[in-house]
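Numbering (this note's numbering), first residue to last: 529 to 826.
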């Protein structure tokens, strides 16, 4: 099928800039050394969210840093990660690229279909599709248990957070203050659980989604997932949570390609337009490696 053609077309000679395969992950040489400087906690959020030069990790994370910088010890490698969240987290973890082990060791702490809720239901405009989160009780405890012993917890959510919801009979349209508060309270609960387990927290930018009906997908393509303005709003809320927990939590900028064609709609990267496939997991990890290694851990 198309994936076979995709791999056949991958270049035989390894070129990091042109690589589309999964033979070996390629990190910026500076990434393995860790950051030499970090913005002080009083710095502008732009210092860590500027993605104008995504391939130059060091430039992207320090170009807008203020003059006052604090030396940090290079990250001890490999840095231990736990990947938590919903099935998007699982698919990222499951498809982590070869060659990553010397820089990151990763364990799975995902809870499928739950995001950061244990009640209420998401409602899609597609055929009245709903997802009740009542079976998600204890998701935060599962995150915490999985995070024990890890340096950093990478939180990967978003696919269940773009919907209008109903909680105890009350409708909370997406973007309403009640819907926003439900999401941010859930993320805060997750942060608290992870910090309690001894991990620093990295909130991964929610990628633009291009959901498609693909054989094997457990959930139909829900139109709300393809609404980039909703995704952008979630990312604003994640930045707010990170800013409110600046001692423990960092907002991590993902690959800009996920909001641009042709990558956004390319099922080689995300097999259903939502969940990472191997090249997509590789793209993500190469984009965020420097940011994850720059997080100071105890």
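Just so you know, even glycine gets a beta-carbon here, dropped at the ideal spot from N, CA and C.
(message) Distance check for residue 604 and residue 693, CA to CA, integer angstroms please.
(response) 42 Å
(request) Could you spell out the range, first to last residue, of the alpha helix (DSSP H) harbouring residue 814? (result) 806–821
(message) Alpha carbons only, please: which of 668, 819, 825 and 688 is nearest the one belonging to residue 753?
(response) 688
(request) Apply the 10 Å Cβ neighbour rule to residue 794 and answer buried if 16 or more other Cβ atoms are within range, or exposed otherwise. (result) buried
(request) Look up residue 638 in the DSSP assignment and say whether it is helix, strand or coil. (result) strand
(message) For residue 715, report the span of its alpha helix (DSSP H) as first-last.
(response) Going by DSSP, residue 715 is part of the alpha helix (DSSP H) stretching over 705–724.
(request) Determine the DSSP secondary structure at residue 759, reduced to helix, strand or coil. (result) The three-state secondary structure of residue 759, taken from DSSP, is helix.
(request) Quick one: give me the first and last residue of the alpha helix (DSSP H) that residue 670 is part of. (result) In this chain, the alpha helix (DSSP H) harbouring residue 670 covers 667–675.
(request) Have a look at residue 555 and residue 650 and give me their C-alpha separation to the nearest angstrom. (result) 38 Å
(message) Buried or exposed for residue 734, going by 16 or more other Cβ atoms inside 10 Å?
(response) Buried, by the Cβ-count rule.
(message) residue 643 and residue 685 - do their beta-carbons sit closer together than 8 Å?
(response) Yes, these two residues count as a Cβ contact at 8 Å.
(message) Along the chain, where does the alpha helix (DSSP H) containing residue 622 start, and where does it finish?
(response) Taken as a continuous stretch (DSSP letters only), the alpha helix (DSSP H) holding residue 622 covers 615–622.
(message) Please report the straight-line C-alpha distance between residue 653 and residue 764, rounded to a whole angstrom.
(response) Between residue 653 and residue 764, the C-alpha separation is close to 24 Å.
(request) Please confirm if the segment 697–710 is in contact with the segment 653–666, defined as three or more CB-CB distances below 8 Å between the two stretches. (result) no
(request) Can you give me the start and stop residues for the beta strand (DSSP E) that residue 698 sits inside? (result) 698–700
(message) Am I right that residue 527 and residue 745 are in contact with their C-beta atoms under 8 Å? What's the rounded C-beta distance?
(response) The structure shown does not extend to residue 527, since the chain spans only 529 to 826, so no value can be given for it.
(message) Can you tell me whether residue 629 is buried or exposed? The criterion is at least 16 other CB atoms within 10 Å of its CB, across all chains shown.
(response) exposed
(message) Does the contact criterion of 3 or more C-beta pairs under 8 Å hold for the segment 614–632 versus the segment 717–731?
(response) no
(request) Please say whether residue 778 and residue 770 have beta carbons closer to each other than 8 Å? (result) yes
(message) For residue 696, count the other beta carbons within 10 Å of its own beta carbon; 16 or more makes it buried, fewer makes it exposed. Which is it?
(response) Flag for residue 696 reads exposed.
(request) Could you tell me if residue 728 is buried or exposed, where buried requires 16 or more neighbouring beta carbons within 10 angstroms of its beta carbon? (result) Label assigned to residue 728: buried.
(message) Using a 10 Å radius around the Cβ and a threshold of 16 neighbouring Cβ atoms, would you call residue 707 buried or exposed?
(response) Classification of residue 707: buried, given that the 10 Å Cβ count is 16 or more.
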